[in-house]
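Asks:
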Amino acid sequence: EAQVTQNPRYLITVTGKKLTVTCSQNMNHEYMSWYRQDPGLGLRQIYYSMNVEVTDKGDVPEGYKVSRKEKRNFPLILESPSPNQTSLYFCASSLGPQKNTEAFFGQGTRLTVV
Amino acid sequence: GENVEQHPSTLSVQEGDSAVIKCTYSDSASNYFPWYKQELGKRPQLIIDIRSNVGEKKDQRIAVTLNKTAKHFSLHITETQPEDSAVYFCAARDSGTYKYIFGTGTRLKVLA
Numbered sequence: 150e151a152q153v154t155q156n157p158r159y160l161i162t163v164t165g166k167k168l169t170v171t172c173s174q175n176m177n178h179e180y181m182s183w184y185r186q187d188p189g190l191g192l193r194q195i196y197y198s199m200n201v202e203v204t205d206k207g208d209v210p211e212g213y214k215v216s217r218k219e220k221r222n223f224p225l226i227l228e229s230p231s232p233n234q235t236s237l238y239f240c241a242s243s244l245g246p247q248k249n250t251e252a253f254f255g256q257g258t259r260l261t262v263v
Numbered sequence: 002g003e004n005v006e007q008h009p010s011t012l013s014v015q016e017g018d019s020a021v022i023k024c025t026y027s028d029s030a031s032n033y034f035p036w037y038k039q040e041l042g043k044r045p046q047l048i049i050d051i052r053s054n055v056g057e058k059k060d061q062r063i064a065v066t067l068n069k070t071a072k073h074f075s076l077h078i079t080e081t082q083p084e085d086s087a088v089y090f091c092a093a094r095d096s097g098t099y100k101y102i103f104g105t106g107t108r109l110k111v112l113a
């Protein structure tokens, strides 16, 4: 089954404790991205990657890191989480940036930073 | 910076009526405009999209129109049904950077 898998689904952590949210897709998609969703603000792109070893900043990259060492994985790293990073996070993938194809979203990760 | 404005933020319609959601984008380099539906507690799912070289696209009860000159695009849902109730997001993708900017969402309620 074609899917984008995020882990964990729920996470409560303390300020300053490094964490990683994993994202994996099994569709051989080139383009992957991370979004955060906050009430009233919609979805905001954090980082995106057009292929292995290629990553770019989205609209709200501050406080986040990503890596794309393999095509299928695109982890989101919070080196020193702060309460304002409490949010619902989605990973998404699509065939390729030059191809206007549907973006498949993961199930979401609800992060709370206390 | 680039911006996508979406209106209205909430919309209530009677079952069977039509619903229209409008988005305006600022980046003239945008060339791809998807619409997503997000049901409560679920992930966004694409419902329709349009490229900049097309003015209109239709898929059964859903249609999207694009006016490149005015930099706005709209989602039209006809014969609405209760299962159309959800939050709808528009988005615009920059043709150079491939960055996506989303609108802030429209909560659609279809009243039975």
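So the protein lines, in turn, are chains A and B. Here the numbering used here is used: the first residue of the first sequence is 150, the next is one more, and so on. Here the numbering used here is used: the first residue of the second sequence is 2, the next is one more, and so on. For every residue, glycine included, the Cβ atom is placed at its ideal position computed from N, Cα and C.
#1: Can you list the beta strand (DSSP E) stretches of 3 or more residues lying completely in the region 212-252 of chain A, in chain order?
#2: Name, please, each residue of chain A whose Cβ falls closer than 7 Å to the Cβ of ARG44 (chain B).
#3: Here's a check: name, in chain order, each residue in its chain whose Cβ is nearer than 7 Å to the Cβ of ARG52 (chain B), leaving out the five neighbours to either side.
#4: Just verifying my parser: in three-state terms, what is the DSSP assignment at GLU84 (chain B)?
#5: On the premise that LYS220 (chain A) lies in contact with ASN177 (chain A), defined as a C-beta separation below 8 Å, what is that separation, rounded to the nearest angstrom?
#6: For GLU179 (chain A), does the count of other Cβ atoms within 10 angstroms reach 16, so buried, or fall short, so exposed?
#7: Starting from GLU3 (chain B), trace the beta strand (DSSP E) in both directions and tell me its first and last residue.
#8: List, in chain order, every chain A residue whose beta-carbon is nearer than 8 Å to that of PHE103 (chain B).
#9: Taking the beta carbon of PRO83 (chain B) as the centre, do at least 16 other beta carbons fall within 10 Å, making it buried, or is it exposed?
#10: Comparing C-alpha positions only, which one of B:GLN7, B:ASP60, B:LYS72 sits nearest to ALA30 (chain B)?
#11: Should VAL55 (chain B) go down as buried or exposed, given a rule of 16 or more other Cβ atoms within 10 Å for buried?
#12: Leaving out five residues on either side along the sequence, give the residues of the same chain with a beta carbon under 7 Å from the beta carbon of ASP85 (chain B).
#13: ASP50 (chain B) by DSSP, collapsed to three states: which one?
#14: Ordered along the chain, which non-local residues of its own chain (more than five positions away) have a Cβ less than 7 Å from that of ASP187 (chain A)?
#15: In angstroms with no decimal places, state the Cα-to-Cα distance between GLU211 (chain A) and ASN4 (chain B).
#16: Could you check whether the region 253-261 of chain A touches the region 16-23 of chain B, counting it as contact only if at least three pairs of C-beta atoms, one from each stretch, sit closer than 8 Å?
#17: For a contact meaning CB atoms closer than 8 Å, what does LEU47 (chain B) contact in chain A?
#18: Looking only at DSSP bridge pairs, what is PRO35 (chain B) linked to?
#19: So what's GLN152 (chain A) in DSSP terms, helix, strand or just coil?
#20: Taking Cβ positions only, does GLY56 (chain B) come closer than 7 Å to chain A?
#21: Just reading off the beta strand (DSSP E) that ASN177 (chain A) is part of, what are its end residues?
#22: Which of helix, strand or coil does DSSP assign to GLU16 (chain B)?
#23: What three-state label does DSSP hand SER27 (chain B) in the structure shown?
Replies: This is what the structure holds:
#1: 225-227, 236-243
#2: PHE239, PHE254, GLY255, GLN256, GLY257
#3: ASN32, TYR33
#4: helix
#5: 7 Å
#6: buried
#7: Per DSSP, GLU3 (chain B) belongs to no beta strand (DSSP E) and is neither H nor E.
#8: TYR184, GLY191, LEU192, ARG193, GLN194
#9: exposed
#10: B:LYS72
#11: exposed
#12: ILE78, LEU109, VAL111
#13: strand
#14: SER236
#15: 18 Å
#16: no
#17: GLU251, ALA252
#18: B:ASP50
#19: coil
#20: no
#21: Neither: ASN177 (chain A) is in no beta strand (DSSP E) and is coded neither H nor E.
#22: coil
#23: coil
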